[in-house]
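Engineer:
Residue numbers (our numbering): 1 to 574.
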């Protein structure tokens, strides 16, 4: 394994505990090198004195709290943002590709062209070549130029470009019928997949991916994991998906304490090692503090005693040497998520009978039936997110079904978490006033205690509800649900917009929740650790099994039903 500049001592202390991905042993002189990088905005320093090397064959997972600078770090590497100081160098002729976040930039281009535009040099050659051959007066000079272009096309494998782009799109869930559609006519979720294909296209030397799993179904995420596992070049990826990071990362790049450090291993290894290192630092400080107290007592007792004054001075000097700098203030903060039902749920939680629902002319729910029992924590999965969202909107009273009915049990108090929450934050009121609307106890101290659990403290509780970020809105919605005392929760993709710390806290809170839970998520680990029952809404029917996700996917009877119910439709290989 090549030595990495800027790598933490954790690599030395714990490096033997894991085996790096075999592809990381590739010997190649090409690398991305970052030297003395500093990034500041006004008086705020985002990170400083960054020295790192990124090598081919490795996948670097970038982590850090919301606002730590993960996306900014990628933008500085790509050249979109300028650093305050420092240098970033790449190998000669290396090509860098970055996942675009602008869904409207390619609206006038076809889907296929948008993908191939990921390799801008190749795409320009293809277009020039196409224009040359379309000329009615093809000259000798044009012939010489076309020969040059043909040579470049061959060198860049340009003759396979369209077929390679088509395969990439198909793997990401964009069928051939859409390949010549204008991007402006594609849905937002489809655009995300096309832009991901654009970044992956043409085997870039350095690949930068900022939240690539957003709006992807579980099956497509698994395909992306396989793609990155076999990708021979350098990958730097920001993600809040722990399972994804564990499966793709050979290294973790941690942005915290105003610094950027690199560790060998995946996310779980980083987490365990960093927790151990932090505990060691705390223990060292406690031991030093105990020793300091002992020495201070000695000084107080003997400083007035002339015969021992020299000894007391020596002891004071020891205190000065023993004082350890305060541990750096981490940017990571963990919310406290605790859903406490006001009353136990009875045996009958929810009955759904023959629900039908049509959205935009498409019949999404067809005679849907379900009984939810005491203790059920049900994850709803399937290729069509609109189906699941429609069901949850009906159960939460936001939408009326075309026909059919549902009934909550007499002991049940439900609370819902919608995927889209903008309408909840349209009124210009502060967060105390916002949360007070959903509380029986309207005292400010009580309201602020719940906001505090979700990391809103000090003057933050007086900011307007209209200016909240996506993550802040989610934390407010979780505060509202905790206040409700509900014993049945309906949650549509609750991890959206949350950082890893908040996802972990929510994960633990739902594991400990003693009521019934119906939820959707694209986070494999989140589903697998919480759900004890899986309901899969497939194109040809519904599969319902009381199994955790990992067992569900291996069950032979489930596999047979999935084969039948997908019947030619691309199955989500979760």
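The beta-carbon is built from N, C-alpha and C at its ideal position, and this holds for glycine as well.
Between residue 41 and residue 255, is the Cβ-Cβ spacing less than 8 Å?
Structural biologist: For residue 41 and residue 255, no; Cβs fall outside 8 Å.
Engineer: Pull up the DSSP beta-bridge partners for residue 438, would you.
Structural biologist: None, per the DSSP bridge assignment.
Engineer: Unbroken beta strand (DSSP E) runs of length 3 or more, entirely within the stretch 19-86: which are they?
Structural biologist: If we require 3 residues or more, the beta strand (DSSP E) runs fully inside the stretch 19-86 come out as 32-41, 44-54, 59-63.
Engineer: Does the beta-carbon distance from residue 412 to residue 345 come in below 8 Å?
Structural biologist: In contact: residue 412 and residue 345 (Cβ atoms closer than 8 Å).
Engineer: I want to know whether the stretch 424-431 touches the stretch 357-364 - three or more CB-CB distances under 8 Å.
Structural biologist: No contact exists between the stretch 424-431 and the stretch 357-364.
Engineer: Residue 223 to residue 550, Cα distance in whole Å?
Structural biologist: Distance between the alpha carbons of residue 223 and residue 550 is about 17 Å.
Engineer: For residue 61 and residue 253, what's the separation of their Cα atoms in angstroms?
Structural biologist: Their Cα atoms are separated by approximately 6 Å.
Engineer: Please name the residue in 490, 104, 194, 188 whose C-alpha comes closest to that of residue 180.
Structural biologist: Closest by alpha carbon: 194.
Engineer: Identify which residue in 542, 147, 118 has its Cα closest to the Cα of residue 162.
Structural biologist: The candidate whose alpha carbon is nearest that of residue 162 is 118.
Engineer: Can you give the beta carbon distance from residue 495 to residue 511, rounded, assuming they're within the 8 Å contact cut?
Structural biologist: Residue 495 to residue 511, Cβ: 14 Å. No contact.
Engineer: With a floor of 3 residues, list each beta strand (DSSP E) that falls wholly inside the stretch 524-567, ordered by position along the chain.
Structural biologist: Correct list: 533-538, 541-545.
Engineer: Taking residue 397 as the reference, give the member of 507, 486, 482, 490 with the closest Cα.
Structural biologist: Closest by alpha carbon: 490.
Engineer: Enumerate in chain order the residues of its own chain whose CB-to-CB distance from residue 76 is below 8 Å, with the five nearest sequence positions on each side excluded.
Structural biologist: Excluding positions up to five away in sequence, the list reads 37, 39, 82, 83, 88.
Engineer: Determine whether the beta carbon atoms of residue 501 and residue 65 lie at a separation below 8 Å.
Structural biologist: Taking 8 Å as the Cβ cut-off, residue 501 and residue 65 qualify as a contacting pair.
Engineer: Identify the residues that DSSP records as bridge partners of residue 520: which are they?
Structural biologist: Per DSSP, 492.
Engineer: Would a C-beta distance cut-off of 8 Å place residue 221 and residue 382 closer than the cut-off?
Structural biologist: Their beta carbons are not under 8 Å apart, which means residue 221 does not touch residue 382 by this criterion.
Engineer: To the nearest whole angstrom, what separates the beta carbons of residue 63 and residue 267, a pair I think is in contact under 8 Å?
Structural biologist: Indeed they touch by this definition, with Cβ atoms about 7 Å apart.
Engineer: According to the neighbour-count rule (16 or more other Cβ atoms, all chains shown, within 10 Å of its Cβ), is residue 410 buried or exposed?
Structural biologist: So residue 410 ends up on the exposed side.
Engineer: Consult DSSP for residue 106 and reduce its assignment to one of helix, strand or coil.
Structural biologist: If DSSP states are grouped into helix, strand and coil, residue 106 belongs with coil.
Engineer: Going by DSSP, what residues sit across from residue 253 in a beta bridge?
Structural biologist: Residue 253 pairs with 62, 262.
Engineer: Mind pulling the alpha helix (DSSP H) runs of 4 or more residues that sit fully within the stretch 112-185?
Structural biologist: The qualifying runs are 120-133, 140-155, 161-171.
Engineer: Please list, in chain order, all residues of the same chain as residue 600 whose beta carbon is under 7 Å from its beta carbon, the five residues on each side excluded.
Structural biologist: Outside the modelled stretch of the chain, which goes from 1 to 574, sits residue 600, for which no answer is possible.
Engineer: Go through its chain and collect everything with a Cβ distance to residue 350's Cβ below 6 Å, but skip five positions before and after it.
Structural biologist: For residue 350, where only same-chain residues beyond five positions count, the Cβ hits under 6 Å are 372, 408.
Engineer: Can the beta-carbon of residue 186 be found closer than 8 Å to that of residue 115?
Structural biologist: No; because the gap between Cβ atoms is not below 8 Å, this pair is not in contact.
Engineer: Looking only at DSSP bridge pairs, what is residue 240 linked to?
Structural biologist: Paired residue(s): none; residue 240 is not in a bridge.
Engineer: Could you tell me the distance, in whole angstroms, from the CA atom of residue 338 to the CA atom of residue 295?
Structural biologist: C-alpha separation (whole angstroms): 43 Å.
Engineer: Which partner residues of residue 414 appear in the DSSP bridge assignment?
Structural biologist: In DSSP, residue 414 forms a bridge with 488.
Engineer: How long is the line joining the alpha carbons of residue 370 and residue 418, rounded to whole angstroms?
Structural biologist: Going by the C-alpha atoms only, they are around 20 Å apart.
Engineer: List in chain order: all unbroken alpha helix (DSSP H) runs of 4+ residues lying wholly within the stretch 370-412.
Structural biologist: Those alpha helix (DSSP H) runs which fall completely within the stretch 370-412 and span 4+ residues are 385-395.
Engineer: What would DSSP say about residue 235, mapped onto helix, strand or coil?
Structural biologist: Residue state, collapsed to three classes: strand.
Engineer: Three-state secondary structure (DSSP) at residue 466?
Structural biologist: Three-state DSSP puts residue 466 in a helix.
Engineer: DSSP three-state label for residue 349, please.
Structural biologist: It is a strand residue.
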